[in-house]
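There are 4 protein chains.
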Amino acid sequence: MESLFKTIVIIGKYASGSDSTGIQSQLLELAQHLTQKKINIFIESKTHHSGKFEAFKSIDLEDVGKEADLAIVVGGDGTMLGVARALVNFDIPLIGINQGRFGFLADLNTSNMLESIDEIFVGSSYKDKRMLLNSKIFRGSKCIHESLALNDVVVRSGSRLIELKVSINGRFLHKQRSDGLVITTPTGTTAYALSAGGPILHPELEAISIVPISPHTLSNRPIAVSSKSVIEIDVVDMDESYLSVDGQLKVPLELHDRVEIKSAEKMITLLHPKDYCYFEMLRKKLNWG
Amino acid sequence: MESLFKTIVIIGKYASGSDSTGIQSQLLELAQHLTQKKINIFIESKTHHSGKFEAFKSIDLEDVGKEADLAIVVGGDGTMLGVARALVNFDIPLIGINQGRFGFLADLNTSNMLESIDEIFVGSSYKDKRMLLNSKIFRGSKCIHESLALNDVVVRSGSRLIELKVSINGRFLHKQRSDGLVITTPTGTTAYALSAGGPILHPELEAISIVPISPHTLSNRPIAVSSKSVIEIDVVDMDESYLSVDGQLKVPLELHDRVEIKSAEKMITLLHPKDYCYFEMLRKKLNWG
Amino acid sequence: MESLFKTIVIIGKYASGSDSTGIQSQLLELAQHLTQKKINIFIESKTHHSGKFEAFKSIDLEDVGKEADLAIVVGGDGTMLGVARALVNFDIPLIGINQGRFGFLADLNTSNMLESIDEIFVGSSYKDKRMLLNSKIFRGSKCIHESLALNDVVVRSGSRLIELKVSINGRFLHKQRSDGLVITTPTGTTAYALSAGGPILHPELEAISIVPISPHTLSNRPIAVSSKSVIEIDVVDMDESYLSVDGQLKVPLELHDRVEIKSAEKMITLLHPKDYCYFEMLRKKLNWG
Amino acid sequence: MESLFKTIVIIGKYASGSDSTGIQSQLLELAQHLTQKKINIFIESKTHHSGKFEAFKSIDLEDVGKEADLAIVVGGDGTMLGVARALVNFDIPLIGINQGRFGFLADLNTSNMLESIDEIFVGSSYKDKRMLLNSKIFRGSKCIHESLALNDVVVRSGSRLIELKVSINGRFLHKQRSDGLVITTPTGTTAYALSAGGPILHPELEAISIVPISPHTLSNRPIAVSSKSVIEIDVVDMDESYLSVDGQLKVPLELHDRVEIKSAEKMITLLHPKDYCYFEMLRKKLNWG
Numbered sequence: 012m013e014s015l016f017k018t019i020v021i022i023g024k025y026a027s028g029s030d031s032t033g034i035q036s037q038l039l040e041l042a043q044h045l046t047q048k049k050i051n052i053f054i055e056s057k058t059h060h061s062g063k064f065e066a067f068k069s070i071d072l073e074d075v076g077k078e079a080d081l082a083i084v085v086g087g088d089g090t091m092l093g094v095a096r097a098l099v100n101f102d103i104p105l106i107g108i109n110q111g112r113f114g115f116l117a118d119l120n121t122s123n124m125l126e127s128i129d130e131i132f133v134g135s136s137y138k139d140k141r142m143l144l145n146s147k148i149f150r151g152s153k154c155i156h157e158s159l160a161l162n163d164v165v166v167r168s169g170s171r172l173i174e175l176k177v178s179i180n181g182r183f184l185h186k187q188r189s190d191g192l193v194i195t196t197p198t199g200t201t202a203y204a205l206s207a208g209g210p211i212l213h214p215e216l217e218a219i220s221i222v223p224i225s226p227h228t229l230s231n232r233p234i235a236v237s238s239k240s241v242i243e244i245d246v247v248d249m250d251e252s253y254l255s256v257d258g259q260l261k262v263p264l265e266l267h268d269r270v271e272i273k274s275a276e277k278m279i280t281l282l283h284p285k286d287y288c289y290f291e292m293l294r295k296k297l298n299w300g
Numbered sequence: 012m013e014s015l016f017k018t019i020v021i022i023g024k025y026a027s028g029s030d031s032t033g034i035q036s037q038l039l040e041l042a043q044h045l046t047q048k049k050i051n052i053f054i055e056s057k058t059h060h061s062g063k064f065e066a067f068k069s070i071d072l073e074d075v076g077k078e079a080d081l082a083i084v085v086g087g088d089g090t091m092l093g094v095a096r097a098l099v100n101f102d103i104p105l106i107g108i109n110q111g112r113f114g115f116l117a118d119l120n121t122s123n124m125l126e127s128i129d130e131i132f133v134g135s136s137y138k139d140k141r142m143l144l145n146s147k148i149f150r151g152s153k154c155i156h157e158s159l160a161l162n163d164v165v166v167r168s169g170s171r172l173i174e175l176k177v178s179i180n181g182r183f184l185h186k187q188r189s190d191g192l193v194i195t196t197p198t199g200t201t202a203y204a205l206s207a208g209g210p211i212l213h214p215e216l217e218a219i220s221i222v223p224i225s226p227h228t229l230s231n232r233p234i235a236v237s238s239k240s241v242i243e244i245d246v247v248d249m250d251e252s253y254l255s256v257d258g259q260l261k262v263p264l265e266l267h268d269r270v271e272i273k274s275a276e277k278m279i280t281l282l283h284p285k286d287y288c289y290f291e292m293l294r295k296k297l298n299w300g
Numbered sequence: 012m013e014s015l016f017k018t019i020v021i022i023g024k025y026a027s028g029s030d031s032t033g034i035q036s037q038l039l040e041l042a043q044h045l046t047q048k049k050i051n052i053f054i055e056s057k058t059h060h061s062g063k064f065e066a067f068k069s070i071d072l073e074d075v076g077k078e079a080d081l082a083i084v085v086g087g088d089g090t091m092l093g094v095a096r097a098l099v100n101f102d103i104p105l106i107g108i109n110q111g112r113f114g115f116l117a118d119l120n121t122s123n124m125l126e127s128i129d130e131i132f133v134g135s136s137y138k139d140k141r142m143l144l145n146s147k148i149f150r151g152s153k154c155i156h157e158s159l160a161l162n163d164v165v166v167r168s169g170s171r172l173i174e175l176k177v178s179i180n181g182r183f184l185h186k187q188r189s190d191g192l193v194i195t196t197p198t199g200t201t202a203y204a205l206s207a208g209g210p211i212l213h214p215e216l217e218a219i220s221i222v223p224i225s226p227h228t229l230s231n232r233p234i235a236v237s238s239k240s241v242i243e244i245d246v247v248d249m250d251e252s253y254l255s256v257d258g259q260l261k262v263p264l265e266l267h268d269r270v271e272i273k274s275a276e277k278m279i280t281l282l283h284p285k286d287y288c289y290f291e292m293l294r295k296k297l298n299w300g
Numbered sequence: 012m013e014s015l016f017k018t019i020v021i022i023g024k025y026a027s028g029s030d031s032t033g034i035q036s037q038l039l040e041l042a043q044h045l046t047q048k049k050i051n052i053f054i055e056s057k058t059h060h061s062g063k064f065e066a067f068k069s070i071d072l073e074d075v076g077k078e079a080d081l082a083i084v085v086g087g088d089g090t091m092l093g094v095a096r097a098l099v100n101f102d103i104p105l106i107g108i109n110q111g112r113f114g115f116l117a118d119l120n121t122s123n124m125l126e127s128i129d130e131i132f133v134g135s136s137y138k139d140k141r142m143l144l145n146s147k148i149f150r151g152s153k154c155i156h157e158s159l160a161l162n163d164v165v166v167r168s169g170s171r172l173i174e175l176k177v178s179i180n181g182r183f184l185h186k187q188r189s190d191g192l193v194i195t196t197p198t199g200t201t202a203y204a205l206s207a208g209g210p211i212l213h214p215e216l217e218a219i220s221i222v223p224i225s226p227h228t229l230s231n232r233p234i235a236v237s238s239k240s241v242i243e244i245d246v247v248d249m250d251e252s253y254l255s256v257d258g259q260l261k262v263p264l265e266l267h268d269r270v271e272i273k274s275a276e277k278m279i280t281l282l283h284p285k286d287y288c289y290f291e292m293l294r295k296k297l298n299w300g
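Residue numbers (my numbering), protein chains in the order written: chain A, 12 to 300; chain B, 12 to 300; chain C, 12 to 300; chain D, 12 to 300.
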């Protein structure tokens, strides 16, 4: 049976600026495997630069959208986050292969990757659509920053308590004094938001979770709202604070900055083997008996 | 302007078996107010029996569905829960009037009730649809109990830790040892589930929240899933346990009983004044600043 | 070198009513090992009755105090709790041998038990003194129950929320509505209290921790007080409630019962190998990295 | 009856760098009241500079130890923290007068201050001794910072997760990845540590509480150890982190810095009216019904 995907880009964790040396052999094994299947392949340029990939074409991450119909990512959840943000507008699905212990997003591992990929190629896959968040920072009336997040957008203090005024769809929710606020997709609920005391939201829930970080008022509890909501956060008191996107971008905030967060227009598709089970992943990652 | 509602039943907290004497004058004031508006009114029979309502027709709670097109409940959240379960299949909306401090569900209070009701009667209202849960207990292959819940269904221990096996849509979630498990509608997330450490879910979220009670495994955290889910709970180890519905019904469980929980087919409609705000209610009830 | 202990009783988990068959060979191995060392040994009578111990003297648990100067317990933490309560007034130290995975209290396991015991016998041991709680139930002016607890005393609801009035040394702490209250020794802080959200207290802290179970008021947080404190709990509102001692005794409570809890006069001594480390035990039991 | 205190210094919140204008009249009223009682008074120099105190002697905070036998602080808990750190080595007790809502430490308010002070002056007082923490930062073998804290010492991240290795009395506790760690006195357990999920420790407990901030491993729970403990924290992985002392001093940390924390040699004494009750203060500040 022929692969459903004709042009595939392989992206190593080098794409996220990491300088790992451990995945060269997997990348090569994967590239050769795909070549044998007559698939047209590219290697993302930083990954290409990291090793002996002269036999393969190189492509910059920002050009992937024009060429490929699938991206295979070899790295960890962090690499997946960056690639998802970069590719979400191009309708290119992702397969994640984890080096080391498996991740929440990168669910294949190097021992079973070829077999699993072959299955997915012939259509035996679980299509897992995940929402992203769009966040904008307004300083006065001007938008000074815009970005996408697959996990979370965090407004947080750089030192002491900050005070945030939160509104949802124009209706006042609360003013809260805390170390900050995590605004998370269902995907992000198993990441930082979980450490901050937030609930797990199943990825198929169309919801955004708002999780306070060490709130001064003990009854300030996590709250989940519809993914159609627009969340506005005004920084009303602070010494120092910043916006953190997927834990990977950090943008300093000033007093009276306003952050607007809503679901992004497009979703990213993760491809898993047919027998993928979200709950099994939770059990393994969270050591549930 | 004429009232949208022609036949209204007034239900006092006596309907839920309570023996309050404090609300006689409000009930009478309300009944007279509606009579003046040429509305056909009934008084729920236990409420009717509680005081001097000879001038008004009496009706049993189970017959309300045949006659009335609106129910006005004077009591607290507990009374609202019982009436909602009783009326959900009849498409009769509810207005809740709280005696004492205002509730999560009964949001009008006796000081502003007539004014607010008049507004609602002429269509200036906020229609707030709330899902209920349907729960069944299977003993072997036989269904030995079925009920509806507006807040929550709790499987809980009567003494020591119990062990529950939880599946969602036929997929295994986990086995957990704990004091029990709260399965809650968004409405119920501000009730018992909140005390047990669960998140708040906005009522418009189509979700069911699963909150462990004092779980033995510390990473067993609350998880919210789609309201289309079917949740199965097998009692795999126990000394003593029971099912609790809205904290109002209590059904003893036996070892190997299986509880099946899903969203009920019908929703109940709460009518609020036009300017009702869910977030304002949270702020007041949870003392947020 | 001669053993510091001349007369030792061996107690299997049968003493706590358990009907395990898995520890016969360990018990026998242990008894023979001690006999070879010319130690005078007894087998606790229920344990004696459980297998082929005709060659050894039998002794009832309540008589152990008259004869033995050490008790070796083969079972789990549950067995240790029961034996500690039974022996605390006799100044007999305990060694705990766990079958299966190791426990918080029974820290030796069957693979290294003989070696560790030999070390302890010649004085190379860590003496770990643990406080117990004394709890009394007063109905009117009459004390209707008194017991000791090594882990915890729990006043808890049998169904709905109960309301408890708590005083410490005669000073009012709070009235709280909850599923109940855990009063725990430092030893008990890694047991049920931890599931209920309480902190870990190091065993050398002279403290009692008070942990609310699913409290209605979200700011009702765990509080630790001096072990010299007398804690009084009045059951001011309930449908059904009971006192639980170490999760092993269960005493029904009535409305207006008063529970008085303070540290017991005597402490129990656990003997561990010299290199015992409490923190290592925490790391292993709680899967810290 | 004569005052037990002959020389008293009055310290306004100006001492902590605050530029409040609201407490001038209270300060003056207080100074005049003390003068009438023939007490020798000083006004702390920054406070003196803030208003019309020409009639009174000025004294720098660092010289208070040589002259005064009591300090009366008019401000909030923040001012109390700073003054306690400055005066702890001089055995000068503190009285705290709160402007606005009363605090955890500054428990008198301006409406009852004169009356309460008069009582305390004649010996009718509750002496409330509070421990402080001494913290040192070692860079290599060199101590680059040393300070005292009445509430807490926090090692925390300036951006992403940091990894800390914690030892107690030279024994390894754990490595933890988190936003940081709060090391707190009993006094500090009602401050930041409470927001981070820590327990309340009664001030008379000789304990130090260690509270993780948003730990990655969900079983990393707060732990309290003896106040005789020496706690060592090694910063083993970080992007950016700092030490925060009472939320008032902030010292940047570098990778492999080692923080050593133990109880300070001296305690500070707070003087309260005779009928002071710690639990009453908790009830009021935490809104326990």
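Backbone N, C-alpha and C fix where the C-beta goes; we use that ideal spot for every residue, glycine too.
Name the residue from the options whose alpha carbon lies nearest to the alpha carbon of residue i.
| i | options | result |
| --- | --- | --- |
| Ser240(B) | Leu184(B), Ile21(B) and Ala82(B) | Leu184(B) |
| Gly208(D) | Ser206(C), Glu130(C) and Arg232(C) | Arg232(C) |
| Lys140(D) | Lys273(D), Ile103(D) and Glu65(D) | Ile103(D) |
| Asp268(C) | Leu293(C), Arg150(C), Leu281(C) and Ile54(C) | Arg150(C) |
| Glu138(D) | Lys295(D), Gln110(D), Ser122(D) and Leu116(D) | What sits at residue 138(D) in the sequence shown is Lys, not Glu. The shortest Cα separation from Lys138(D) among Lys295(D), Gln110(D), Ser122(D) and Leu116(D) belongs to Leu116(D). |
| Ile83(A) | Leu41(A), Ser237(A) and Gly28(A) | Leu41(A) |
| Glu291(D) | Ser27(D), Asp118(D) and Gln43(D) | Asp118(D) |
| Cys288(B) | Ile106(A), Ile179(A), Ser27(A) and Ser274(A) | Ile179(A) |
| Leu81(C) | Phe101(C), Thr46(C) and Ala66(C) | Phe101(C) |
| Gln259(A) | Phe67(A), Gly300(A) and Gly93(A) | Gly93(A) |
| Thr90(D) | Asp257(D), Ile221(D) and Ser69(D) | Asp257(D) |
| Met278(C) | Lys295(C), Glu78(C), Glu271(C) and Leu144(C) | Leu144(C) |
| Met142(D) | Ser238(D), Gly33(D), Trp299(D) and Gln37(D) | Ser238(D) |
Which residues of chain D have a Cβ atom closer than 8 angstroms to the Cβ of residue i, listed in chain order?
| i | result |
| --- | --- |
| Leu229(B) | Leu229, Ser230 and Arg232 |
Anything in chain A within Cβ reach of residue i, meaning under 9 angstroms, just list it in chain order.
| i | result |
| --- | --- |
| Phe183(B) | Cys288, Phe290, Glu291 and Arg294 |
Which residues of chain A have a Cβ atom closer than 8 angstroms to the Cβ of residue i, listed in chain order?
| i | result |
| --- | --- |
| Asn298(C) | Asn298 |
Assuming residue i contacts residue j (C-beta within less than 8 angstroms), just tell me the rounded distance between them.
| i | j | result |
| --- | --- | --- |
| Ser230(D) | Leu297(C) | 4 angstroms |
| Thr58(B) | Gly114(B) | Their Cβ separation, rounded to whole angstroms, is 18 angstroms, which puts Thr58(B) and Gly114(B) out of contact at 8 angstroms. |
For residue i, return the contacting residues in chain B, with the cut-off set at a CB-CB distance below 7 angstroms.
| i | result |
| --- | --- |
| Gly258(C) | Arg171 |
**Message:** I want to know whether the segment 242-254 of chain D touches the segment 170-179 of chain D - three or more CB-CB distances under 8 angstroms.
**Reply:** yes
**Request:** Decide yes or no for the touch test of the segment 195-208 of chain A against the segment 13-22 of chain C: beta carbon pairs closer than 8 angstroms, at least 3 of them.
**Result:** Output reads no: the segment 13-22 of chain C does not touch the segment 195-208 of chain A.
**Item:** Contained alpha helix (DSSP H) runs [length at least 4] in the segment 192-267 of chain D, N- to C-terminal order
**Value:** For secondary structure counted as the alpha helix (DSSP H) over 4 or more consecutive residues, the segment 192-267 of chain D holds these complete runs in sequence order: 203-206.
**Asked** Is there contact between the segment 220-229 of chain D and the segment 121-135 of chain D, where contact requires at least three CB pairs shorter than 8 angstroms?
**Response** no
**Request:** Mind listing, in chain order, the continuous alpha helix (DSSP H) runs of no fewer than 4 residues lying wholly within the segment 39-81 of chain D?
**Result:** 56-61 and 75-78
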